[in-house]
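Following: one structure in structure tokens, then a few remarks.
Number of protein chains: 4
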Amino acid sequence: MKFDGFDSSRPLDLVLLGRAAIDLNPLDYYKTLAESTTYRKYLGGSPANIAVGLSRLQKKVGFIGKISDDRFGDFVEDTFRQEGVEISHLTRCKNGEKLGLTFTEILSEHESSILMYRHAIADLQLEAEDIDEAYIKSAKALLISGTSLAASPSREAALKAVMLAKKTQTPIIFDIDYRAYNWKNPDEIAVYYSLVAQESTVIIGSREEYDLTQRLLAPGLDDRETARFWCAKKAAIVVIKHGKQGSTAYTCQGDSFSIKPFPVKALKSFGGGDGYASAFLYGLFENWPLRDCLELGSASASMLVKSHGCSADMPSLETIRTFIAESKAEYGEDVCF
Amino acid sequence: MKFDGFDSSRPLDLVLLGRAAIDLNPLDYYKTLAESTTYRKYLGGSPANIAVGLSRLQKKVGFIGKISDDRFGDFVEDTFRQEGVEISHLTRCKNGEKLGLTFTEILSEHESSILMYRHAIADLQLEAEDIDEAYIKSAKALLISGTSLAASPSREAALKAVMLAKKTQTPIIFDIDYRAYNWKNPDEIAVYYSLVAQESTVIIGSREEYDLTQRLLAPGLDDRETARFWCAKKAAIVVIKHGKQGSTAYTCQGDSFSIKPFPVKALKSFGGGDGYASAFLYGLFENWPLRDCLELGSASASMLVKSHGCSADMPSLETIRTFIAESKAEYGEDVCF
Amino acid sequence: MKFDGFDSSRPLDLVLLGRAAIDLNPLDYYKTLAESTTYRKYLGGSPANIAVGLSRLQKKVGFIGKISDDRFGDFVEDTFRQEGVEISHLTRCKNGEKLGLTFTEILSEHESSILMYRHAIADLQLEAEDIDEAYIKSAKALLISGTSLAASPSREAALKAVMLAKKTQTPIIFDIDYRAYNWKNPDEIAVYYSLVAQESTVIIGSREEYDLTQRLLAPGLDDRETARFWCAKKAAIVVIKHGKQGSTAYTCQGDSFSIKPFPVKALKSFGGGDGYASAFLYGLFENWPLRDCLELGSASASMLVKSHGCSADMPSLETIRTFIAESKAEYGEDVCF
Amino acid sequence: MKFDGFDSSRPLDLVLLGRAAIDLNPLDYYKTLAESTTYRKYLGGSPANIAVGLSRLQKKVGFIGKISDDRFGDFVEDTFRQEGVEISHLTRCKNGEKLGLTFTEILSEHESSILMYRHAIADLQLEAEDIDEAYIKSAKALLISGTSLAASPSREAALKAVMLAKKTQTPIIFDIDYRAYNWKNPDEIAVYYSLVAQESTVIIGSREEYDLTQRLLAPGLDDRETARFWCAKKAAIVVIKHGKQGSTAYTCQGDSFSIKPFPVKALKSFGGGDGYASAFLYGLFENWPLRDCLELGSASASMLVKSHGCSADMPSLETIRTFIAESKAEYGEDVCF
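Keeping their order, the protein sequence lines are chains A, B, C and D. Using numbering that gives the first Met the number 0, the letters of the first sequence map in sequence onto residues 0 to 336. Using numbering that gives the first Met the number 0, the letters of the second sequence map in sequence onto residues 0 to 336. Using numbering that gives the first Met the number 0, the letters of the third sequence map in sequence onto residues 0 to 336. Using numbering that gives the first Met the number 0, the letters of the fourth sequence map in sequence onto residues 0 to 336.
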């Protein structure tokens, strides 16, 4: 479906709905989590990272989420405030639920795994009554992180947000963001992912995430067919990621643009996706040509796999531009195409 | 949305998805449940009653549901089999869940209440993997009973059935059938009811049930506006019930037809709705004029409030016709208009 | 351990702790529950039956239990009140839990089975804070029904009652009353049953129930060894039941008395145990010789298997005596020895 | 009750039952947990700390516990193995439960608080079937950590261990170790704590912990009455701790010995208790005079509040003796009496 652009009269650029959590990345990495002794604490969770990323790129973002009523909840709130993220709809759990923790095992530049604490978890306690029509209407777009659909009551909160976004003509950006934790079976994933995807203007996901989403409705589609399928619903842009092979953005006009990662010496194999999403969305909000959005996204992604943290290392526009210029100087103008 | 009629090539007329349960109605009624000493057992549950009703009207119906793995489950299965309901997709619980029980308190013709056993209940254990695309595609229509949306995993099973009905061009009949039991909050009701309603060709509910459904999307609509709202989605027929005041069916062409109950001496104040639904749907499947569908529905409803049971007392076409003829002879041709 | 008799200064004879529930026995019996159509409602649950039995024998009994906050809870309360059972410590559930239901399948005089509704069940919601030291101290003895130990919070309530009975020198009567429902594993049964048994003055159970109780502490004991084992703790009387073969009471002095059932034409194969317990305990409270206690118990048991109900058919002292006299006249003086 | 000493023929000195968990102590302490950025990982959990403490003092100890089936579980297992703790009865969770985490906030030498992750927690998944009579019988004593009683199934595992310790004449050491987490109400605490305390030969707890334990049976006792109360059951030694004021050990012969902390510059206000317990128990196993046991315990406690970790900083016998000698040299022979 053709997209007519964002409503520039709305004060916020983007409201993100989903999890804010804590990453604990080992300082003594390149060994197992059993062997690592010291951990650095970062704000984490994909939509929280994207929120910080966009805010550092000078976009006005708000966050709808649920955090723990303890010192770690304070940490999330403090960090968002310092980063300039609007937190009027960031609320506290009432029954002792805790913030999600992700301990990262960095075995090498290419191998990593995570150990997650996600029982009785704060972010999935977001409730339908926390969703405020006026807040959604105040934003040019609403980003739904797919993990918010994994369990009740957060699931109903996300679905309500989707309903109210439709009602208020707020374009939906769906970051599929699949995490096996908390889901019960593949049908459940397909049901809720497709309910949101069919209402979304922009969809971002990996090949595997689209396969999960389409399992019941349209199994077996390739990338181009996938894009066509969702564009026949309400999508204007469908981004399909293939890890180190790069990614492609398809438009409802039938165009597509592909991008490869910038060559870097990675410290870790994760974190790139959130840098990519925030910089790519920055370009969209700026009405950049899609190719430029992708380039900025890819550059941010590459910068993040070089760094230890994720939210804490989100780059400014200037540093991304410097990085792009330096990469092109070293590897040639078409380094990522 | 205009409805082009049912696909006559499909072998089943209707597949119903929802609960089969047990009604225990006191034989020594017109006293409280504490005082009643003897109870008669009936197959119950709104969609089970409608299935039996339609089957007695010679329609071919199938049932998607979950029953207990005990003697009461046997009873449901035996009853369906005796009534000619297709039960290849009626499955048994694996973890000791029990069939719902409804003890009915009949205080007078006009006053009744119910005492329900619905903890760890069989019908809500229906799972997404129990839903079979080919079975849905074998039916001219799929009826979703709203109670199936009240909790997981039945909720996901119902949503999957809706998705597969869309995929296979199977019209959806949504019987809102609200029961307070098992729902957690009003937003949840509005979210799931509207997700199904917006995909349905025929919607049947009371004024209160539409209000619950529209609470977030379009609060405050009257009957005519309600009909228009859903016809702007996919509905062809919107039936709104007002208890003893009768009911009105609205079409997407803008027509409406109203009906009143037939005058009868009631034994109890419940059970009419399922008689209504089964006879009304019979008319639809027969391509009758809407007015005739409503008359048959209203007659069946009136016959059921006179009787002690519900499924067990579903009338045949001939007995409904006799009842209508006798009523008209006694009260005049326009007795229910 | 030698027992010095009950403290006659205490106003209540017995306080019973455990479940009150509802029995629904088919009126059209000798067929399966799937086939039976009509059910009669009775107050049920082993300790409730014993309470009614003892009350009809003119003993003063009180009941500590939790019932549903609905019409069926009213029924239990009304029935206890009519039967003269003291109900100041019978309280209502606050979260919608329901009274247990037992549908009885009576296939023949000898074969029966039950279909139980025991999810989110009222009786197991009894809480430690419901246990009142003064109430326990007001009774000559405290009867603990083993089923109350099956799950929290009732488990802690029963253990607290045991502690307070010890503290107030109130003899404990332990009716092991094993029901598979609600227990999670055999070790759990052995742990909690033996914790209560080792504090009890009178223990009543079947051979199988003692085996469950002794599984960890002393597996493989025969009846006489079983009695000796518990008498070495605090038991004065150990009753071991063998169904239709009769039962034996062992004393801490090393005596034992055996009894057989009275010959009767049974209607059903259950209900006898609660008649037995109430009449046997009546004899104990009256300081009868153990042999006479057993005879009265056995007679009451035989009378109950002849009748349709259980609590509702508990006999008076006079009718038991008449039954014994008639049986002896017909079958000889030693009919049950 | 008089204690005749440990059975020297048994190969293990002590088997401990309870939690092994992870402590994450900030390296940048003396600020809030929200502000701290870097954490050091230690093996934690009171009985795990005591196990390591005793092992470093050359006692042979085994551990009965449940750990997560992930890298953190590996860490616990590796650490125990390195420390020489026998781990044949340390088993893994099967349903994804996680190791408990304790983030410590060290605000000053005197103020600290903790943020615990204890939902779906590994240690409380210990099951009755994990308890092995032969293993308990192989140890001179069994230590039960009170936290293991906080919830099922660990509660039943601990009660079974107590039953089997009685059966095998294995003296029980009860470390009350109260943690508010996971308990539901004060009666529950009193019921289970007193069930274990009444079977224990050695009881160790703070004044507050004894008050919780005695709440139902004997409220309002002072220290001396508390000791007398438990010695009238099976206790030979009752240790009552008063934090910085020191502690007193009471014997069933009526003696008592008091001790004060050694003067040290503390880094943190926690961790001392486990050092105290391990060194005190070392003395008991060595048949030392009680006064010497207390001195060693107090010295170890003081050494631990000076250090950053807990298990990792458990001292050897030689270092404790050096510490005592230095303290006495500096502060006088009676520094802790």
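For glycine and all other residues, C-beta sits at the position ideal for the given N, C-alpha and C.
On the CB-based measure, 16 or more other CB atoms within 10 Å of its CB, does residue i come out buried or exposed?
{"i": "Gln-81 of chain D", "result": "exposed"}
{"i": "Lys-93 of chain B", "result": "exposed"}
{"i": "Ser-67 of chain D", "result": "buried"}
{"i": "Ala-231 of chain A", "result": "exposed"}
{"i": "Glu-126 of chain A", "result": "buried"}
{"i": "Glu-110 of chain B", "result": "exposed"}
{"i": "Thr-321 of chain A", "result": "exposed"}
{"i": "Tyr-249 of chain B", "result": "buried"}
{"i": "Met-115 of chain D", "result": "buried"}
{"i": "Ser-315 of chain C", "result": "exposed"}
Please decide whether residue i counts as near chain C, where near means a Cβ-Cβ distance under 8 Å.
{"i": "Ala-119 of chain B", "result": "yes"}
{"i": "Glu-187 of chain D", "result": "yes"}
{"i": "Asn-286 of chain D", "result": "no"}
{"i": "Ser-153 of chain D", "result": "no"}
{"i": "Glu-82 of chain B", "result": "no"}
Checking contacts by CB at 8 Å: is residue i closer than that to chain D?
{"i": "Asp-69 of chain A", "result": "yes"}
{"i": "Phe-269 of chain A", "result": "no"}
{"i": "Val-190 of chain C", "result": "yes"}
{"i": "Asn-181 of chain C", "result": "no"}
{"i": "Tyr-116 of chain A", "result": "yes"}
From residue i to residue j, what does the alpha carbon distance come to, in whole angstroms?
{"i": "Tyr-275 of chain B", "j": "Lys-30 of chain B", "result": "27 Å"}
{"i": "Ile-175 of chain B", "j": "Ala-160 of chain D", "result": "55 Å"}
{"i": "Arg-70 of chain D", "j": "Ala-33 of chain A", "result": "5 Å"}
{"i": "Met-302 of chain C", "j": "Tyr-209 of chain C", "result": "26 Å"}
{"i": "Tyr-191 of chain C", "j": "Ala-300 of chain C", "result": "28 Å"}
{"i": "Lys-240 of chain D", "j": "Asn-286 of chain D", "result": "21 Å"}
{"i": "Ser-87 of chain D", "j": "Gly-95 of chain D", "result": "21 Å"}
{"i": "Glu-332 of chain A", "j": "Arg-154 of chain B", "result": "53 Å"}
{"i": "Gly-64 of chain D", "j": "Thr-101 of chain A", "result": "25 Å"}
{"i": "Gly-219 of chain B", "j": "Asp-77 of chain B", "result": "45 Å"}
{"i": "Lys-264 of chain A", "j": "His-307 of chain A", "result": "13 Å"}
{"i": "Phe-336 of chain C", "j": "Ser-255 of chain C", "result": "12 Å"}
{"i": "Glu-187 of chain D", "j": "Arg-223 of chain C", "result": "36 Å"}
{"i": "Ser-7 of chain B", "j": "Gln-124 of chain B", "result": "32 Å"}
Can you find a CB in chain A that lies within less than 8 Å of the CB of residue i?
{"i": "Asp-22 of chain D", "result": "no"}
{"i": "Ala-127 of chain B", "result": "yes"}
Who does residue i pair with in a DSSP beta bridge?
{"i": "Thr-103 of chain D", "result": "D:Ile-113"}
{"i": "Val-237 of chain A", "result": "A:Ile-202, A:Tyr-249"}
{"i": "Leu-141 of chain C", "result": "C:Val-14, C:Ile-171"}
{"i": "Thr-90 of chain D", "result": "D:Lys-65"}
{"i": "Ile-120 of chain B", "result": "B:Lys-97"}
{"i": "Glu-85 of chain B", "result": "B:Gly-61"}
Any beta-carbon of chain B closer than 8 Å to the one on residue i?
{"i": "Phe-2 of chain C", "result": "no"}
{"i": "Leu-26 of chain C", "result": "yes"}
{"i": "Arg-39 of chain C", "result": "yes"}
{"i": "Thr-275 of chain C", "result": "Sequence check: residue 275 of chain C is Tyr here, not Thr. So, not an interface residue."}
**Asked** Which runs of the beta strand (DSSP E) fall wholly inside the stretch 194–221 of chain D and span at least 3 residues, in chain order?
**Response** Scanning the stretch 194–221 of chain D for uninterrupted beta strand (DSSP E) segments of 3 residues or longer gives 201–205, listed from N- to C-terminal end.
**Asked** Which runs of the alpha helix (DSSP H), 4 residues or longer, sit entirely within the stretch 3–71 of chain D?
**Response** With a minimum length of 4 residues, the continuous alpha helix (DSSP H) runs that stay inside the stretch 3–71 of chain D are 45–55.
**Message:** Restricting to runs no shorter than 4 residues, where is the alpha helix (DSSP H) found entirely within the stretch 243–321 of chain C?
**Reply:** You should have 271–284, 289–304.
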